[in-house]
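Reading through the structure tokens given below for one structure.
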Amino acid sequence: MSQTAVIHEQKAVPQPKQHGKPGGFLYRANIFTGLIGGIGAAVITYAIGDKLVPWGTQNADFSQVGLNALVFCTFAAWVIGFMVGIGAFAGPIRWALGHDLTHVDAEYMAGKGQGRMKYWKYTTDHKVVGIQYLIMALVLFGFGGFFAMLIRTELGATWREVFDPNFYNSLIGTHGIVMIIAMIIVVAGPLGNFIMPLMIGARDMAFPRLNALSFWLLFAAVPPLVLNLVMGGIRDGWTAYQPLGTQAPIGMIGYQVCIITFAFSTGIAGVNLITTIVTMRARGMTWARTPIFIIGTLAAAIMGLIWFPMFQYAQVLAASDKVLGTSFFIPQQGGSVWLYENLFWLLGHPEVYVIVVPATAGILELMVVFLRKPLFSYKLAVAGFAGVVGISAVVWVHHMYMTGFAPAAGYPFMLSTELISIPFGFLVLVMLGTMWRGKAWNRLPMMAVYAVIIDKIIGGITGVYLSDVPVDQYMHGSMFVVAHFHYMLMGAGLFAAMGVIAYWFPKMTGRMFDERIGKIGFWTAFLAFQVTFLSMFVAGLQGMPRRVLQFDNAFEISNWISTIGAYCIGIGMLIFLYALITSWRGGKIAPANPWGANTLEWQTETPVPLANFPVLPVVTSDPYNYGVPDPYLKVQEQLDQDDNETVGAR
Amino acid sequence: MSAQTSPALYPTTGEPVEVNARRNRLGVWLCIVSDATGVVALLIAYVYLWSLNVNNGWAPPKNHWAVDWPFWAIVTGTILGTICMWWGVKAIAKGHTGRLMVGALLSSLIILVAFIAQIVQLSTFPFGPTDGAYASATFWLAIATAIHLSLLTFLTTAIVGRTRAGRITPDNHSHARLVAMWMTYVCVAALLGAVFTTVMKESPNQNAPTFGTFRE
Amino acid sequence: MSIETQADQPESPTNRPDSTHRMKEWFSRPYVRRILIIFIALNIIIIPIAWLVIHFLELSGGPASSIMEEIETTIFVFTLVSAPLMAATAAVLIYSLFGWGLIKSEEPPMQESPAIRTNAVAVVGWITATSLLAAFLVIWGLVELATITADSYGSTPSSQQPNATKPIDINVTGQQWVWTFEYPDQQRIQSDILVVPINTPLYFNVTSKDVIHSFWVVEMGVKIDANPGAVTNTGFTANKLGTFNIRCAELCGMHHAYMETKVQVVTQAQFDSWIREQGGKRTA
Amino acid sequence: MNSVHLLPEITIVSGGIHCRVVMRSTKWRGGVKRLLFTIAIVLVGAGIVAGSVWFLMGQQAEPATLRAKVSGTAVTPQGNLPHATLDLSIYPNSTANNPGPTGGMYDFVDKLGWPFYSPSTSLQLPAHSLVTVTVRQYDSSTTVWNPYFAKVHGTVDGTVKYNGVAKTQIDPADVAHTFTIHQYPQSTQPYFFVSVPMLAVGNNAKSLANGYPKPEVMEFSFITGAPGNYVWNCEDPCGNGYVDFGGVMSERGMMSGKVKVV
């Protein structure tokens, strides 16, 4: 790596007057003060509210306003108290008073010289936030997978109710939403925060404190959600359709508080990602030289930023139905259930792409490295992402074909839904074209590529059925749908995430990923995944509705197979998790660039220093200039010459 | 962008202030987009319920619709505050720090008044939140404006504070400009709410089927 | 399948050769031939899946109405149409795994693959192919949708139907967690199971007393949500005698799994007698 | 005025980098140990799942099964069948000497004073026999949403003896609860639907020693078919939450349960 460096003379930057002792509360706040603040606020709110609010107060729409309001305030107090305790509001207040952070403060907040403690604090360094997101995603996957095991146990035991029906309904709902949140953050969180700034050659994200804020909001959002299981549960699936949610007990409030908070977190993260990508790319990194993973992250961030508030406000209004007794979704008083469904799916569908797009982009990024070939038709890939972002805004009604809210809407939305398969086709072609005539380096991330493509094929073909209204009239709300979106989200999303994390693992942790055990886990999970969900397709075709805990004998065999498969997925995932943890703790020390990749994040040393790059790099070529001239071109040019000569001779 | 060429450096990161300003401007724009989606969601809810009139539950009891002028008073207040802020921003761009002080102070006072007015309006609606769909939708449009205004009171006061602390100087006044941008957006949001609540009262669908019956 | 021309290589228009010999040369390459063989083999394997899918579909009793037959045809055709795409992708995948081969090494392999930046022919061909496929699916889907909408009287209530095909009105009420059916034309008799005459058009008004349910007559291929505060419509003409399933397809609370009942398709005579013993007499 | 020196701006000229990384080839050290650990972690996971399933099955808090007592045979339209009897009561709320179901969610809902079936909601009936159920109903009325459930369905000759008087339906306004057995999603077992509205006690009924008003007595009989599993629940909105179908209406052991025909 040849480089000539020109050092400019360093200029002293005037610093704002230091107010009082350096730092103050910002230096002391950490997760424990946060927990104290949050739990304290919650307990106090509940204690006071319990005195004021009569239990079981009934009002016009029969909702238990008193109790619901009490629980809502308790959860809100937890979130706010936690954010206060961890120091989230110190920054804005200092800003308002004009006590800006000095450079020293900023470096301290970025975790300078704090050792491991920085992972437990309101740390602004994007690398720390990335690791925090990774751990959070793993924890959520742990929860979700555990719930999945319970669900499959119930469905496998066809002869009895293993769980109380209400608990089972809460279980499927919690599994759904926990997994959705985990899938949303698993790529855009760890890699979007840790890798992306390195990849574009920036020193940090555009808004470091918002970065920390987005993570800790997510952290504060999770407990209310998981607590719902001991508070009567969600009972109406992860979609939380109203008015069933208005009927459900206080567990529902946990869900709503979680979504409202999580939407803030996502919006803030989106603002941060987009701003960073647009304004902070290294000198010389034109859009045409931007790695494709950056483009994918950008696309996902845009969709999340624009559409998440719809979901958030759907939950705000639903919560106000429970808490204030308004009637947005209560038909007796002029509410409409279709309003909820529309607001929900306005996010609900783009959100699927928020999950799938970054994972796919990451896959494209690592294919190039492991095939030692340039990315096939970069422009087409960008066009694919752009098309997905564009069309994803106008397909939400295909989740509502059977609601009858506008039977005629089936025609245009079937059209748009079929159309979105074309930009996705672009991405498939890019994958195939990159594979074309390449010798793949047989490492775990590359294996993930093959796995993902297989799942994409099956998920895509079954998606074609569901996009068609007549077929959906049979499939809608059946197990077929469940199997389909597991193929898209888990098959194409989670397995991609596993590969992508394995690929950037050395840069993030400074250790090599233990591929021997990792591969065992990965392939176990992958094969078991096929067993589970292919037989679930069969159950769906036979006409098994989803979200049931007892069903006709006709579906028993396929459900037994699914359950066995699901257990094997669990085993595989545990093995993979074990490989992840052990190699994190005691893996081989990773060199700076173990894969010999061209992108910028591999050019700085590992572990990455606080300022990422000792010197800001300047990009002079796109990161995909691998490969040698195509030998066959010689042959063809020869043919052309012969042809011309014959033409001349004539 | 070597160090000599940059006139003023941002203290915390040492980058030229205009780099920082550009970044923050984009950030604020994105925040506006995101927040606007939320407001749009509320408007969708309003129009949807207004057009459906499910179970004839749109109209408030005894057709006690909300009075119009408070909405418009609050909107006017917000716009006035915004104008003051812009005046101050334009002034400091020319180097008059004192005028920004005046403008920010004025606007924060006006916004505070508007905020209080909004709270008063919320508490004096001729219906409760449980009185049907119109009541619910109107309440939430008003609550959204209230939240926006409370945020604005903080921001405008903060600008006063920062100007006093000498953090907003003629060559580094981007924050004041950003707050003014955000205020402009809030004006639009409040205006939309007022327009909807004023224009759409009586539901167009007067023969909705009663709940649970099969009348077409 | 793509043709290896280098797009960014300038070619003067004057002596541009017709690309047939390039085509020939391309098809003469060993890997292309092998991939084509794999592709054909895969098609032979994959296409029978269409029949398999239909088999699984009929495990639930087979179609009992024209609508369900339409749906089966659609599924069958879609499977057939998408089989080649599936096969093509899988062929490249398989050949990449076993044909071009994998490199087992601890360190980054240094021998480089051909630097194929892009390929106009492949891109254009792929986009055209997928667009044509999508266009076919859309057109087929729209036509089918129109057909089943007509079959299910979804758009026209019975009052506006011509007398010949005047359907029987049936009011379906979903309630946590039972279905109840009302026959307005037959002295509003009510029942917990749906009894319908064969080969007679039926028109359903569906609503709910509380939360959202979904009225799914499985073997008839008919599904519509039962929404509180709104009446949705569907319908079908049963063309097979027997007893079929009605399930709730939208999570509706504790006993959602148990919210199901039967539809009995009987002859006109049996239907009339059933109406009579329910205490109504057949009108019209 | 303090000041700091920030990282200088430096310009690198760097093209596409092809760095060759040489890594020591690794042998599988301690392979057996890691394998054992892997198996261990899998076993731990399985243990956690199995344990929580076992725990949650215990938490179902369904009352002990109530078996119908078979006594002699009865003459029915379908000939002589064994005759079984079942006694149930419906209490408006729990009291000190009549706690109702406890544990799990029930301790939580106790605060709200909700009605419940007693002594149990999971019933077991003999197959192919005549079952006579006697219900003592202590609760007041809540109007039923769907008049269909103010009618009697599926009993022998379609009637119910209300305090000895046989009726086929009662006024929807007088319904306190219903006892509605309906289908279990199994196509292999006979279809089974029984729905009986329970008469409400008058508002001015004077209360007895046990703190409850004088009960209305419902007596009805139905004929069970082949063995199978069914569920039953109350179809009269007597809970809370939206349309009063939340709370008690959605709790096994209170207003809904299982019916097992053996």
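Chains A, B, C and D supply the protein sequences, listed in that same order.
Counting in the working numbering, the first sequence runs from 1 upward without gaps.
Counting in the working numbering, the second sequence runs from 1001 upward without gaps.
Counting in the working numbering, the third sequence runs from 2001 upward without gaps.
Counting in the working numbering, the fourth sequence runs from 3001 upward without gaps.
A virtual CB, placed ideally from N, CA and C, is assigned to each residue, including glycine.
- If you run the structure through DSSP and keep just helix, strand and coil, what is N1172(B)? As a first step, residue 1172(B) is located in the second sequence; it is residue number 172 there, counting from the start. Residue state, collapsed to three classes: strand.
- Task: Verify the CB distance criterion: does G1212(B) have a CB-CB separation below 8 Å to chain C?
- Result: Here residue 1212(B) refers to the residue found at position 212 when the second sequence is read from its first residue. At least one chain C Cβ lies under 8 Å of G1212(B).
- Since I277(A) and T261(A) are thought to touch, with beta carbons under 8 Å apart, how far apart are those beta carbons, to the nearest angstrom? Position 277 of the first sequence, counting from 1, holds the residue named residue 277(A). Position 261 of the first sequence, counting from 1, holds the residue named residue 261(A). Not confirmed; about 25 Å, so no contact.
- Query: If you compare alpha carbons, which of A206(A), T563(A), H486(A) and A248(A) is closest to M183(A)?
  - Reply: In the first sequence, counting from the first residue as 1, residue 183(A) sits at position 183. Of the candidates A206(A), T563(A), H486(A) and A248(A), H486(A) places its Cα closest to the Cα of M183(A).
- Bridge partners of W441(A), per DSSP? The count along the first sequence starts at 1 and reaches residue 441(A) at position 441. Per DSSP, I2103(C).
- Task: Could you name the residues of chain A that N1053(B) contacts, counting a contact when the two beta carbons are closer than 8 Å?
- Result: As a first step, residue 1053(B) is located in the second sequence; it is residue number 53 there, counting from the start. Within 8 Å Cβ-Cβ: G334.
- Take the Cβ of S1123(B) as the centre, count every other Cβ of all protein chains shown within 10 Å, and call the residue buried at 16 or more, exposed below. Here the question's residue 1123(B) lines up with position 123 in the second sequence. S1123(B) is exposed by the Cβ-count criterion.
- Item | Sequence-distant residues of its chain with Cβ nearer than 7 Å to Y1134(B) (five each side left out) | By 1-based counting over the second sequence, the position of residue 1134(B) is 134. Within the same chain, Y1134(B) has close Cβ partners W1058, A1059 and P1060.
- Message: So if DSSP puts W345(A) in a beta bridge, which residue, or which two residues, is it bridged to?
- Response: Translated into positions along the first sequence, residue 345(A) becomes position 345. Looking at the DSSP assignment, W345(A) forms no beta bridge with any residue, so it has no partner.
- Message: Measuring straight from C-alpha to C-alpha, what distance separates Y241(A) and F537(A)?
- Response: In the first sequence, residue 241(A) corresponds to position 241, counting from 1. In the first sequence, residue 537(A) corresponds to position 537, counting from 1. The alpha-carbon atoms of Y241(A) and F537(A) are separated by roughly 24 Å.
- Start-to-end residues for the beta strand (DSSP E) that takes in F3220(D): On the fourth sequence, residue 3220(D) is found 220 positions in, with the first residue counted as 1. Boundaries of the beta strand (DSSP E) around F3220(D): E3216 to I3223.
- Item | Positions along the stretch 200-215 of chain A whose CB lies within less than 7 Å of some CB in chain B | Within the stretch 200-215 of chain A, the qualifying residues are A206 and F207.
- List the endpoints of the continuous alpha helix (DSSP H) containing W307(A). Locating residue 307(A) in the first sequence gives position 307, where the first residue counts as 1. Where W307(A) is concerned, the enclosing alpha helix (DSSP H) starts and stops at I292 to V323.
- In terms of alpha-carbon separation, which member of G572(A), A539(A), F505(A) and F513(A) lies closest to E601(A)? On the first sequence, residue 601(A) is found 601 positions in, with the first residue counted as 1. Ranking G572(A), A539(A), F505(A) and F513(A) by CA distance to the CA of E601(A) puts F505(A) first.
- If we call anything under 8 Å between Cβ atoms a contact, is G587(A) one with V500(A)? As a first step, residue 587(A) is located in the first sequence; it is residue number 587 there, counting from the start. As a first step, residue 500(A) is located in the first sequence; it is residue number 500 there, counting from the start. Not closer than 8 Å, so no.
- Item | chain B contact for A60(A) (CB, 8 Å cutoff) | Along the first sequence, read from residue 1 onward, the residue named residue 60(A) stands at position 60. Note on A60(A): pLDDT 36, under 50, position unreliable in the model; no value is reported.
- State yes or no: is the beta carbon of K2209(C) nearer than 8 Å to at least one beta carbon in chain B? By 1-based counting over the third sequence, the position of residue 2209(C) is 209. Yes, K2209(C) lies at the interface with chain B (some Cβ there is under 8 Å from its Cβ).
- Residue from F3192(D), A3176(D) and A3050(D) whose Cα sits closest to the Cα of L3125(D): Here residue 3125(D) corresponds to residue number 125 of the fourth sequence, with the count starting at 1. L3125(D) has its Cα closest to that of F3192(D), out of F3192(D), A3176(D) and A3050(D).
- Message: Using only the alpha-carbon positions, how far apart do V3109(D) and T1037(B) sit?
- Response: Along the fourth sequence, one-based indexing puts residue 3109(D) at 109. Along the second sequence, one-based indexing puts residue 1037(B) at 37. Per-residue confidence for V3109(D) stands at a pLDDT of 49, beneath the threshold of 50, marking its modelled position as unreliable; the derived number appears in the next sentence. So the two alpha carbons sit approximately 40 Å from each other.
- Message: Looking at I3048(D): is its Cβ nearer than 8 Å to the Cβ of V3156(D)?
- Response: Mapped onto the fourth sequence, residue 3048(D) falls at position 48. Mapped onto the fourth sequence, residue 3156(D) falls at position 156. Not closer than 8 Å, so no.
- Test: F2056(C) CB closer than 8 Å to a CB of chain A: Taking the third sequence and counting its residues from 1, the one referred to as residue 2056(C) is at position 56. Among the CB atoms of chain A, one or more fall inside 8 Å of the CB of F2056(C).
- Inspect the beta-carbon positions of A2088(C) and F2039(C) and report whether they are closer than 8 Å. Taking the first residue of the third sequence as 1, we reach residue 2088(C) at position 88. Taking the first residue of the third sequence as 1, we reach residue 2039(C) at position 39. Their beta carbons are under 8 Å apart, which means A2088(C) touches F2039(C) by this criterion.
- Message: In the DSSP assignment, the beta strand (DSSP E) including P243(A) goes from what residue to what residue?
- Response: By one-based count along the first sequence, residue 243(A) stands at place 243. Premise fails: P243(A) is in no beta strand (DSSP E) and is neither H nor E.
- Using the Cα positions of F215(A) and M83(A), report the straight-line distance between them to the nearest angstrom. Your numbering for residue 215(A) matches position 215 in the first sequence. Your numbering for residue 83(A) matches position 83 in the first sequence. CA-to-CA, the gap between F215(A) and M83(A) works out to about 11 Å.
- Task: Answer yes or no: does any C-beta atom of chain B fall closer than 8 Å to that of N2205(C)?
- Result: What you label residue 2205(C) is simply residue 205 of the third sequence in a count that begins at 1. At a cut-off of 8 Å between beta-carbon atoms, N2205(C) makes contact with chain B.
- Task: Count the other C-beta atoms from every protein chain shown that fall within 10 angstroms of the C-beta of R2022(C), then say buried if there are 16 or more, exposed otherwise.
- Result: Residue 2022(C) sits at position 22 when you count from the first residue of the third sequence. That one is buried.
- Message: Rounded to whole angstroms, what is the Cα-Cα separation between V1039(B) and T1163(B)?
- Response: Start at 1 with the first residue of the second sequence, and residue 1039(B) comes out as number 39. Start at 1 with the first residue of the second sequence, and residue 1163(B) comes out as number 163. Going by the C-alpha atoms only, they are around 31 Å apart.
- Message: I need the boundaries of the alpha helix (DSSP H) containing G433(A), first residue and last residue.
- Response: The count along the first sequence starts at 1 and reaches residue 433(A) at position 433. G433(A) -> alpha helix (DSSP H) spans S421 to M435.
- Can you tell me whether DSSP reads Y1010(B) as helix, strand or coil? Working through the second sequence from its first residue, we reach residue 1010(B) at position 10. Y1010(B) sits in coil when the DSSP states are folded into three classes, being neither helix nor strand.
- Query: Given a limit of 9 Å on CB to CB distance, which residues of the stretch 242-260 of chain A reach chain D?
  - Reply: Listed in sequence order: Q242, P243, L244, G245, T246, Q247, A248 and P249.
- Item | Cβ-Cβ distance between V3160(D) and M3218(D) below 8 Å | On the fourth sequence, residue 3160(D) is found 160 positions in, with the first residue counted as 1. On the fourth sequence, residue 3218(D) is found 218 positions in, with the first residue counted as 1. Taking 8 Å as the Cβ cut-off, V3160(D) and M3218(D) qualify as a contacting pair.
- Span separating the alpha-carbon of T45(A) from that of S320(A): Along the first sequence, one-based indexing puts residue 45(A) at 45. Along the first sequence, one-based indexing puts residue 320(A) at 320. Looking at the two C-alpha atoms, the distance is approximately 19 Å.
- Over the uninterrupted beta strand (DSSP E) stretch that includes E2260(C), give me the two end residues. If you number the third sequence from 1, residue 2260(C) lands on position 260. Membership of E2260(C) in the beta strand (DSSP E) is indicated by the continuous run E2260 to V2266.
- Task: Show which residues of chain D have a CB atom less than 8 Å away from the CB atom of L150(A).
- Result: The residue labelled residue 150(A) in the question sits at position 150 within the first sequence. Going along chain D in sequence order, the residues near L150(A) (Cβ under 8 Å) are V3049, S3052, V3053 and L3056.
- Message: Beta-carbon within less than 6 Å of A269(A)'s beta-carbon, same chain only, minus the 5 sequence neighbours each way: which residues are those?
- Response: Within the first sequence, residue 269(A) is the residue found at index 269, counting from 1. Short of 6 Å from the beta carbon of A269(A), and not among the five residues preceding or following it, lie these beta carbons of its own chain, in chain order: S214.
- Message: Across the stretch 3047-3067 of chain D and the stretch 3245-3260 of chain D, are there enough close Cβ pairs to call them in contact, namely three or more that are closer than 8 Å?
- Response: Because the criterion of three Cβ pairs below 8 Å is met, the stretch 3047-3067 of chain D and the stretch 3245-3260 of chain D touch.
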